[in-house]
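Protein chains in written order, with my numbering: chain A, 117 to 401; chain B, 141 to 408.
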């Protein structure tokens, strides 16, 4: 592969630092995401994962922080863009899924209204076009594509349904990049598995690249092509998902793997995890 | 508690309807004088007697209720809209705009409320027609009564601005003005409704205070404030207990407004 092809393959190139009130949170954090790739970003709570998500969207100022460095999406320099230009990128080229599904949806607005707001942010069209787009987006995330569902309020949804609505909103304009900030941390294990499968399908069907931020190394390893391990505001290791488990290079990565839960009655659980990951990687290959 | 709320609401509805139908229900107009019967005691013709000018007290009470009970909500609505604009926008924009708006709000709140009303009313023309005096009185209440509500609305607006759903709307590319109108403002509705509702009895009492001081609605148009002026005549109070009826009605109405609003949750 030539260097030009490689450059063309890179969707997002990041090298950013961020701080809150002069306290450094991200320290020249550098990595790249290829088109259609799922990159898992793993680290413990407070290491700056969510800060990174907001920094990519240039929304960190809303939380009282500021970021600097370089951010290139599909060859566009996001850092030099005006706020108006960034609004054209947010939601259209970069989608965001937040951690808490129910608090991320406006409690006093119907699901249809919230999705329509996201649609109208980047499209002009009549009511019917909007309605069709919304129903299609619901079908994309395995929600019932029905008018009745659009008329519901967030309080009338289960947590899993609410998370799917958020994903539907994030992929409404078929963005190039989807940032998922701990999207399964509030879900039970079965719903978690369904949502993970949904992300994998969206990546395959739409070709959307996903930056999957989580503290759960195990769950992300089931869908990620590569995993970046983050520690104290820096990427300490970024490799293929399989290699992270079979040949961890950094001490912090080894600590993360060692801390994975193990079923007491079945001490070989970790070996099973390893086998599952290997077979999954083989399946993707 | 639901029964009490229902009863309070029913009382307000009946009273409001009666005042609206004053033209049909009142035995005479509010200004009609029965000169041969000044200060008459209650009778079958004059249920609450007549005042010292011979006007039927019951008729004046019905018309006065119309003025107070229907215009206080209009004043409350005006002050709530002002509170939504000042507090809502300040809380949403934050920064120096919020600091300045809240500084002005604090200044308003620190002023003695009754003194401010009396001073403001005294500055405005006193020799005006009764209907103009109604507009001045309730307009002034609406314009001066926004500060307390603005503080509450500002806090709600700030909370909505910093919420996850507002963050997600921004991340979806929604423009700031649309974000305020379509996402933040609907979340202020419960606080705005509560502020509107609790302002009504406050404004009714404020109008009554101005009326007692002779700064409210001008004669001969009655309001609860002007009807309460009769209580200035201490010597007659013992022998004419029926002059207390406007006061009792005022207390009942203010209490009912407080009872109707749920105490544990805000209406959506």
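Just so it is clear, CB atoms sit at the ideal spot from N, CA and C, and this is done for glycine as well.
Beta-carbon of residue i versus every beta-carbon of chain A: anything under 8 Å?
i	result
residue 317/B	no
residue 413/B	Shown here, chain B extends from 141 to 408; a query on residue 413/B therefore has no answer.
residue 314/B	yes
residue 97/B	In this structure chain B extends from 141 to 408, so residue 97/B is not present and cannot be described.
residue 311/B	yes
residue 298/B	no
residue 151/B	no
residue 322/B	yes
residue 199/B	no
residue 333/B	no
residue 303/B	yes
residue 308/B	yes
residue 327/B	yes
Less than 8 Å between C-beta atoms, sequence neighbours within five positions excluded: which residues of the same chain meet that for residue i?
i	result
residue 238/A	204, 207, 208, 289
residue 408/B	Legend: pLDDT at residue 408/B = 44, less than 50; position of this residue unreliable, value from coordinates given subsequently. 329, 330, listed in sequence order.
residue 123/A	Reliability fails at residue 123/A, whose pLDDT of 49 lies under 50, so the model's placement of it is uncertain and no value is given.
residue 439/B	Any answer about residue 439/B is impossible in this case: the structure gives chain B only from 141 up to 408.
residue 144/A	131, 132, 133, 185, 350
residue 325/A	127, 128, 149, 150, 151, 152, 153, 154, 155, 292, 293, 294, 319
Once the 5 residues before and after residue i are set aside, which same chain residues still bring their CB inside 6 Å of it?
i	result
residue 316/A	339
residue 213/A	282, 283, 286, 296, 299
residue 189/A	128
residue 241/B	226, 230
residue 162/B	202, 203, 206
residue 249/B	287
Does residue i come within less than 8 Å of chain B when only Cβ atoms are used?
i	result
residue 222/A	yes
residue 284/A	no
residue 216/A	yes
residue 219/A	yes
residue 207/A	yes
residue 130/A	no
residue 203/A	yes
residue 187/A	no
residue 331/A	no
residue 340/A	no
residue 278/A	no
Which residues does DSSP pair with residue i in a beta bridge?
i	result
residue 132/A	145/A, 185/A
residue 158/A	330/A, 345/A
residue 211/A	294/A
residue 190/B	196/B
residue 140/A	135/A
residue 150/A	126/A
residue 192/A	189/A
residue 351/A	346/A
residue 325/A	293/A
With a Cβ-Cβ cutoff of 8 Å, do residue i and residue j count as a contact?
i	j	result
residue 245/B	residue 216/B	no
residue 159/A	residue 141/A	no
residue 223/A	residue 299/A	no
residue 221/A	residue 253/A	no
residue 390/B	residue 346/B	no
residue 363/B	residue 285/B	no
residue 308/A	residue 335/A	yes
residue 178/B	residue 198/B	no
residue 83/B	residue 173/B	What is shown of chain B runs 141 to 408, which leaves residue 83/B out entirely.
residue 202/A	residue 194/A	yes
residue 359/A	residue 155/A	no
residue 309/B	residue 153/A	no
residue 303/A	residue 333/A	no
residue 171/A	residue 161/A	no
residue 251/A	residue 261/A	yes
residue 382/B	residue 189/B	yes
Excluding the 5 residues flanking residue i on each side, which residues of the same chain have their C-beta closer than 7 Å to its C-beta?
i	result
residue 367/B	200, 201, 204, 386
residue 145/B	399, 400
residue 360/B	170, 171, 270
residue 401/A	Annotation note: pLDDT 45 at residue 401/A (below 50); position unreliable, coordinate value reported separately. The answer is none, since no qualifying residue turns up.
residue 370/A	364
residue 235/A	246, 249, 250, 288
Give the C-beta separation of residue i and residue j to the nearest angstrom, bearing in mind that I take them to be a contact with Cβ-Cβ under 8 Å.
i	j	result
residue 210/B	residue 159/B	7 Å
residue 282/B	residue 208/B	Between residue 208/B and residue 282/B the Cβ distance is about 14 Å, and since that is not below 8 Å, they are no contact.
residue 234/B	residue 301/B	7 Å
residue 258/A	residue 280/A	7 Å
residue 357/B	residue 351/B	6 Å
residue 227/A	residue 268/A	5 Å
residue 191/B	residue 370/B	7 Å
residue 311/B	residue 173/A	6 Å
residue 310/A	residue 276/A	7 Å
residue 219/A	residue 303/B	7 Å
Just checking residue i against the ligand MN - is the residue's beta carbon closer than 7 Å to any of the ligand's heavy atoms?
i	result
residue 237/A	You won't find the ligand MN in this model; it holds no ligand whatsoever.
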